[in-house]
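*Asks:* Residue numbers (my numbering), protein chains in the order written: chain A, 585 to 1127; chain B, 31 to 268.
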Amino acid sequence: MNLRAVYSLAIVLTRSQVRGTQRNKFLARVFGEPRIILPVDIALLFGLGGLGYALLSTSGGGGLLDLLRPIEPELLAGIPSAIMFMAILFGVLYEISQPIQSMNTDLVNWLPITPMEYVGASTISESYIYSFMACLFLGVVLGPALALGMASVWVAAAFMAVVALFAGAAVVEVLDATTNRISSSFYKKSGRSGMVFRLIATVILLVFIQLLFSGYVVGYLLQSVMQAAVSAWFIPVVWPTLAVLGAAQANMFSFLLFSSSSIIFAVALFGLAATFRGRFWVPVPVSIKLSTRAYQPRQRQLHIPLIGAVESAMIQKDFRSLTRRREMARFLAIPFVLAISMGITLLPLGTQQTAEAPSFMFVAFLFLMPVAIFVGALSMTSIGQEGYAVWNLYAAPISPTQLLRAKLLFATILGVPFAIALLSIFALLLNTVGTYYGILLPVSVLVVLEVSALGVYFAALFPDFREMVRSRYVSVWGSLMGIGTALAVSLLTVAPLALSIFLYGSIVPQLAIISFGIGLAVFIVALRLANNQIQRMFQNIQT
Amino acid sequence: MAVKGVSFSVERNQILGLLGPNGSGKSTIMKTIVGIVKPDAGSITVQGVNVAADPIGVKRIVGYVPESPRIYEFLSGIEYLDFVATIHGLSLDTKRERITEFLKALDLEGRENELIHGYSQGMKQKLAIIAGLLHRPQILILDEPLNALDPRSARIVKDLIHRLRDDGVPTVFSTHVLEIADAICDRIVIMYDGRVLAEGDAEELRSKAGTAGSSLEEVFLKLTGTSDTREIVEALTH
C-alpha cells in the first residue's frame, strides 16, 4: 500500500466533503482546509473538559458530582457505540444527499490507486471529519471523569472511541461498495420500478433517521443499549462499550479481550471494505432504461383553468425531479416525519374529556404548522432545485407568469392532499379536530395557497442553484424568512376563527368571513410579489 | 467575462464564427443574444425583434446550444426533448416526427428511454443540439456545438448548419478550433479579452494580419499577439 497516495487522497476527499457542504463563503474559507478540524477537536475536547472540571471543582459542584458518580462509567462506556452508530448514520446521509451530478468520483477510476488505498483514504477522511463528534462527547465526560478519579477509564473510552469511529467509517465503505453494485444491477434490470423502490427505501430511511434524532427515542435507545450490552456480548458492535465497562470495573481481562476484539473487528471491516470495493465497485454510471416501448408523445395537459401546455410540462418535470432525484427524497419524507411527530404529540391528548381537551387554537396550530412547513419547503425550493440546468428555463420562451403558475400549482397539488390526510388523522386522534373538521379543511386549503405563493416569492428572491451535498435550493436567510412568514400567515388566517370559538364557543359566520378574507388577501398579495420577483429574476439572470 | 464595444451583424444565408481563446467573451455574447445575459449598454436585434423589449419573442425564434449544456439528468432523453418541444408549442404529430428524425440522424435511437444521467458527454451534447433545432428556429446560436461529438455526428451537424444556412437560417457559431471555423464559417469575428480584434472572411483576415497564404492559426496567433508558442514549448520540454 502506497501510504503517500493514501495520505494525499485522504486530504482530497476531506477537502471535497468539507468544501462541498459549506455554503457560506466565510465559513467555506475558514473550514475549507482539513487542518482546521484538528484545533476544533482539541478545543472541544479540552475546552469542554476544562470547563466541566472547573465547574465540578467549585463548592457547588459536589451535589452534581454525587449525581454523576453512578452514571459516569455508563456514560463513558456508551460513547464508543454511539460514535460508531453516528459515523454510520452521517456517512449514509452524506451518500444519500449527494446530488446526482457529483456522485461520480472519476479521478480514482483512472489514477493508479488500489481498492485498499482508496478505502484507507476514505476511511481516514471520514473518521477525521466526524472526529468532532467523538471530541464533543469525550469533552463533556472529561471533566466529571477527572473530578471522579476516572481518568484511566476516560483514556480507555477515548481509545475505543477512535477504534469505533474507524470501524463505523469502514462500515460506510462496505455499504457504499455493496449498494453501488446492487443498485447498478437492480436499476439495469428493473428500470422504472427500481426507481420507485429506491424512492420508497430512501423515504423510509430518512423518516427513520429523523425520528431517531428525536430526544425521546435517543434516550430510550441509549438506555436499552446499556442494559443490553452485557447480555449481547457476542455482537461486535458492543465490544468497544464492553471494553470500557471492563476498564471501569478494573477488570483487565475483560478490557484486553474486548478492546483487542474491537481492533480485530475494525481491521476485518476495513479488509472487507477493500475486498468489496475491488470486487463490486461499478465506476461507470449505470444507464437506467425507463421503458422499452417506442416513443409515443402524449398531450398530458392538466385540465385546470389558466394552466396551459407549458405549465403542465413544467409541473410534470418537477414531479419527475421530486421522485427521481435521490437528494430530493427528503422533501417527500417531510410529510411522513411531521405527521408521525405530531401524531406522537397528540396521541396522549386524545383520551382527554371535552372540558380538558386542548383548545381549538392549539390543535389548529399543531395541524397548520406541518402543512405550512411542507408546502413552504416545496415552494421555496421549487426554483433553486432547477440547479445549473436552470438555463433551460431562461433560454426557453417561458414567461414569468407561466413559471409562477407552474411552481404554485406544483406545491398546491402536493399540499392539499397532505392537508386533508393530516386533518383526517388528527380527527381520528382528537375529538376537537373532528368537531371543527368542516371549518379546518377549507382553512387549510387557503393556507396551502397562501404559503405556496409566498414560498415561490422567497424562492425567486433567494434562489440557490448550487449543486452540492445537502443543497438547500434557497439561501439560509430566505428559508428562515420564508418559514417564519408561512407560520405567521397561517396563524393570522386562523386567528379570527380561534377568537370566535374563544369568545362564543362556536364559529361565528362574520369572524369566519374575516378569516377567509385575510387568507384571500394574503394570497393575492403574495401572488403579486411572486410574479414581480420572478420578472426581476428573469431580468437579472445570474449565469 | 465582460465584453466591451462589440458590434457585428449576421446576414441571412451566413454562418458567422466567433473565434477566440478561452475566456475571450464568446459565450457571454451568445448568452446576451439569447437574452440570458443583460447588457449594461447597447442593443441586440434578432430578426427585427429587440432582445430587451421582447425576450420571449426572441427565445421563440432562436435555437440555442450552450457550451457544456447542463440538462435535467433525472429525465430520459425522450422526456427532455418532449419537454422542450412542448415549451415551444409543437403539436403532437410534429413532435413525434421531428424527435424521431433527429434521434435517428444523431444515432440516439434506442437510447432515448434511458435517463440522461447515464449518457456520455457526446450523447448529452447531441441531445442539446436536437433541443436547439426541434422548433425549426429562425437563427441558430451554437456555442462550441461540436464538442465531444463523434466524427459522424459532427459531420451531420456541420452539414445541417450549411443546409439551414442555404434555407435562410443564419448561424452564430463559436469555437476555438481554427480548422472548424475555417471549414464551417462564411465570416469570422476574432475576439480577444472581451473585444473584437478583426472581422471578415478567412482571406480578409489574412490580409489584415499581413500573413497572406498562411494558415488561419498563424493569422489568429498574429492578431491576438500570442505567437510566442515556440518559447513556451521549449521551456516545457526542458
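Don't be surprised by glycine CBs; every beta carbon is placed ideally from N, CA and C. Just so we're clear, the structure is a prediction, and the values are computed from it rather than from any experiment.
Can you tell me whether GLU1034 of chain A is buried or exposed? The criterion is at least 16 other CB atoms within 10 Å of its CB, across all chains shown.
*Replies:* Its Cβ being crowded by 16 or more others within 10 Å, GLU1034 of chain A is buried.
*Asks:* Can you grab the Cα-Cα spacing for the pair LEU829 of chain A / GLU658 of chain A, in whole Å?
*Replies:* In a straight line, the C-alpha of LEU829 of chain A is about 7 Å away from that of GLU658 of chain A.
*Asks:* Should GLU656 of chain A and LEU732 of chain A be called a contact, given that it needs their Cβ atoms to be closer than 8 Å?
*Replies:* In this structure, LEU732 of chain A lies closer than 8 Å to GLU656 of chain A by Cβ.
*Asks:* Give me the chain B residues within the contact set of GLN1123 of chain A, using Cβ-Cβ distance strictly less than 7 Å, ordered along the chain.
*Replies:* The answer, in chain order, is LYS68.
*Asks:* Secondary structure at GLU895 of chain A, three-state DSSP: helix, strand or coil?
*Replies:* Here GLU895 of chain A sits in helix by DSSP.
*Asks:* Quick one: what's got a C-beta closer than 6 Å to PRO917 of chain A's C-beta in the same chain, skipping five residues either side?
*Replies:* Looking at the sequence provided, one finds Ala at residue 917 of chain A rather than Pro. Within the same chain, ALA917 of chain A has close Cβ partners VAL787, LEU790, VAL791.
*Asks:* Expressed to the nearest angstrom, what Euclidean distance is found between the alpha-carbon atoms of HIS206 of chain B and PRO69 of chain B?
*Replies:* Rounded to the nearest angstrom, the two C-alpha atoms are 23 Å apart.
*Asks:* Name the chain A residues that come within less than 8 Å of HIS118 of chain B, Cβ to Cβ?
*Replies:* In chain order: ALA980, PRO981.
*Asks:* For PRO820 of chain A, name the three-state secondary structure that DSSP assigns.
*Replies:* Note: PRO820 of chain A maps to helix in three-state DSSP.
*Asks:* Please list, in chain order, all residues of the same chain as SER838 of chain A whose beta carbon is under 6 Å from its beta carbon, the five residues on each side excluded.
*Replies:* Same-chain partners within the cutoff: GLY830.
*Asks:* Starting from ILE220 of chain B and walking both ways along the beta strand (DSSP E), at which residues does that stretch end?
*Replies:* Unbroken beta strand (DSSP E) run through ILE220 of chain B: 217-222.
*Asks:* Could you tell me which residues DSSP pairs with ARG225 of chain B in its beta bridges?
*Replies:* Bridge partners of ARG225 of chain B: B:TYR222.
*Asks:* To the nearest angstrom, report how far apart ARG236 of chain B and LYS252 of chain B are at their CA atoms.
*Replies:* Roughly 10 Å between the two C-alpha positions.
*Asks:* Leaving out five residues before and five after SER39 of chain B in sequence, what residues of the same chain have Cβ atoms less than 8 Å from its Cβ?
*Replies:* Answer for SER39 of chain B: no residue qualifies.
*Asks:* If you draw a straight line from the alpha carbon of GLU757 of chain A to that of MET898 of chain A, how long is it in whole angstroms?
*Replies:* Cα to Cα, the separation comes out at about 38 Å.
*Asks:* Classify SER715 of chain A as helix, strand or coil using the three-state DSSP reduction.
*Replies:* In the structure shown, SER715 of chain A sits in a helix (DSSP, three-state: H, G or I).
*Asks:* Please list, in chain order, the chain A residues whose beta carbon lies closer than 7 Å to that of ARG90 of chain B.
*Replies:* Ordered by position in chain A, the residues that pass the 7 Å Cβ test against ARG90 of chain B are PRO981.
*Asks:* Of all the residues that make up the stretch 957-977 of chain A, which are near chain B by a beta-carbon distance shorter than 9 Å?
*Replies:* Under the 9 Å Cβ criterion, the stretch 957-977 of chain A contributes GLU970, GLY971, TYR972, ALA973, VAL974, TRP975, ASN976, LEU977.
*Asks:* ALA661 of chain A and ALA832 of chain A look like a contact to me (Cβ under 8 Å); what is the Cβ gap, rounded to whole Å?
*Replies:* Right, the Cβ-Cβ distance comes to about 6 Å (below 8 Å), so this counts as a contact.
*Asks:* Determine the DSSP secondary structure at TYR94 of chain B, reduced to helix, strand or coil.
*Replies:* DSSP places TYR94 of chain B in strand when its eight states are reduced to three.
*Asks:* Given that a residue counts as buried once 16 or more other Cβ atoms are within 10 Å of its Cβ, and exposed if not, what is ALA1072 of chain A?
*Replies:* Under this definition ALA1072 of chain A is an exposed residue.
*Asks:* Under three-state DSSP, which class holds PHE104 of chain B?
*Replies:* Correct three-state label for PHE104 of chain B: coil.
*Asks:* What does a CB cutoff of less than 8 Å around LEU1007 of chain A pick up in its chain, not counting 5 residues either side in sequence?
*Replies:* Within the same chain, LEU1007 of chain A has close Cβ partners PHE951, VAL1017, TYR1021, LEU1024, LEU1025, SER1028.
*Asks:* At which residues does the beta strand (DSSP E) containing SER204 of chain B begin and terminate?
*Replies:* That run of the beta strand (DSSP E) goes 201-205.
*Asks:* Along the alpha helix (DSSP H) that carries GLY1066 of chain A, what are the first and last residues, could you check?
*Replies:* GLY1066 of chain A -> alpha helix (DSSP H) spans 1060-1088.
*Asks:* If the cut is a Cβ gap below 7 Å, which residues of chain A does VAL274 of chain B touch?
*Replies:* Chain B is shown only over 31 to 268; residue 274 of chain B falls outside these bounds and no answer can be derived.
*Asks:* Short of 9 Å Cβ to Cβ, which residues in the stretch 97-108 of chain B face chain A?
*Replies:* Here the close residues are PRO99, ARG100, ILE101, TYR102, GLU103, PHE104, LEU105, SER106, ILE108.
*Asks:* Report buried or exposed for ARG653 of chain A, applying the criterion of at least 16 other Cβ atoms within 10 angstroms of its Cβ.
*Replies:* Looking at its Cβ environment, which holds fewer than 16 other Cβ atoms inside 10 Å, ARG653 of chain A is exposed.
*Asks:* I think ALA232 of chain B touches ILE218 of chain B, with their Cβ atoms under 8 Å apart; what is that distance to the nearest whole Å?
*Replies:* The pair is a contact, with the Cβ atoms about 7 Å apart (cut-off 8 Å).
*Asks:* My guess is that PHE1042 of chain A and MET1065 of chain A are in contact by the Cβ rule of under 8 Å, so how many angstroms apart are they, rounded?
*Replies:* Contact flag correct, Cβ pair sits at about 6 Å.
*Asks:* Using the rule of at least 16 other Cβ atoms within 10 Å of the residue's Cβ for burial, across every protein chain shown, is TYR712 of chain A buried or exposed?
*Replies:* Label assigned to TYR712 of chain A: buried.
*Asks:* Pull up the distance between the alpha-carbon of ASP223 of chain B and that of LYS61 of chain B, whole angstroms please.
*Replies:* Near 17 Å, if we compare the C-alpha coordinates of LYS61 of chain B and ASP223 of chain B.
*Asks:* Since SER905 of chain A meets chain B, which of its residues come closer than 8 Å, beta carbon to beta carbon?
*Replies:* Residues of chain B passing the Cβ test: TYR102, PHE104.
*Asks:* Is the closest heavy atom of the ligand HEM to the C-beta of PRO1080 of chain A under 7 Å?
*Replies:* This structure does not include the ligand HEM; it has no bound ligands of any sort.
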